[in-house]
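K.L.:
Residue numbers (UniProt numbering): 1 to 81.
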């Protein structure tokens, strides 16, 4: 199996979140992605950076819970741009 085509990348340093606990960083990137999409649309390339970040930082269970909360209207933050 050729592994050379797989590139693993993680999120770079974000000065807003200098501590090792990345919970808030995960949540903020999730919120920023959906605010960006609401403002600029899914095809706006810079929005994808937020999605890459939250997919890297957030456990899958959290993303699933956030998605459910968004669909149910119970997400604990405004996603309006």
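Where a beta carbon is used, it is the ideal one built from N, C-alpha and C, also for glycine.
Any idea what DSSP makes of residue 31, helix, strand or coil?
P.N.:
Residue state, collapsed to three classes: helix.
K.L.:
Can the beta-carbon of residue 51 be found closer than 9 Å to that of residue 81?
P.N.:
For residue 51 and residue 81, no; Cβs fall outside 9 Å.
K.L.:
Looking only at its chain, what residues have a beta carbon closer than 7 Å to the beta carbon of residue 75, apart from the 5 residues adjacent to it on each side?
P.N.:
Taken in chain order, the residues that qualify are 66, 69.
K.L.:
Do residue 53 and residue 25 count as a contact pair if the criterion is CB distance below 9 Å?
P.N.:
Yes, the pair counts as a contact, with Cβ atoms nearer than the cut-off.
K.L.:
Applying the 10 Å Cβ sphere with the 16-neighbour rule, what's the burial state of residue 60?
P.N.:
Under this definition residue 60 is an exposed residue.
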